[in-house]
Amino acid sequence: MPALTDLPAFAGKGTRRRAVLWQQAIDRALALPEAQLPSIRGPRSDAPPPPRAWADRDPAAAARLAAARAVIAELSDDHHVPAENLLQPDLLRRLCWTPPQAWDAQSITAALLAGGARPWQAELVGPALAAAEVTPE
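End of the sequence shown = 272 in our numbering, gap-free, step of one.
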């Protein structure tokens, strides 16, 4: 335990007092089999990849995102509302990465609502995306 209390993170009086608890936790973790340890890469996510990688991984999705962002920017200007208030950027990316099978106002609006958009957001953005040059393929 002296090695633990020699670390700068354990320099405080309170942390030194709890060093025994910390050491016990470390010992329990070291005793776990490899299969019970968390992934080195972190938890899996259902989020799309970073947009900068889209052109290589899915050019159609990259084109959808560019066109959709233009639609959101135009709506933002027309309604004098910040773009991120019209639709969460993450939801727009998810919609463009995994679009509904039918790219029409009803399907897009339903996908936005299912993704957590407020009704007014989905009703404003859905038809605008459907009318724009944004295609699901």
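Virtual Cβ for every residue (Gly too), placed ideally from N, Cα, C. As the structure is a prediction and not an experimental result, all values here were calculated from the model.
Check                                                                                                                                                                  : Outcome
I'd like the ranges of any alpha helix (DSSP H) spanning at least 4 consecutive residues and lying wholly in the region 151-218.                                       : 154-166, 189-192 and 194-214
Would you kindly report the start and end of the unbroken alpha helix (DSSP H) that includes Gln223?                                                                   : Run containing Gln223: none; DSSP gives neither H nor E here.
Contact between the region 158-169 and the region 227-234 is defined here as three or more beta-carbon pairs at a separation below 8 angstroms; is this criterion met? : no
Rounded to whole angstroms, what's the CA-CA distance from Ala205 to Arg153? Just pull it up for me.                                                                   : 55 angstroms
Alpha helix (DSSP H) containing Thr233: first to last residue?                                                                                                         : Note, Thr233: premise wrong, no alpha helix (DSSP H); not H, not E.
Compute the beta-carbon to beta-carbon distance between Leu226 and Gly250, rounded to the nearest angstrom, for a pair I have assumed lies under 8 angstroms.          : 5 angstroms
Taking only three categories from DSSP, how would you classify Ala267?                                                                                                 : coil
For the alpha helix (DSSP H) that Leu247 lies in, which residues bound it at each end?                                                                                 : Ala240 to Ala249
Quick check: the Cα distance between Ile243 and Ala203, rounded to an integer number of angstroms?                                                                     : 12 angstroms
So what does DSSP say about Leu142, is it helix, strand or coil?                                                                                                       : coil
Are the CB atoms of Leu210 and Ala263 nearer to each other than 8 angstroms?                                                                                           : yes
Pull up the distance between the alpha-carbon of Gln171 and that of Leu139, whole angstroms please.                                                                    : 24 angstroms
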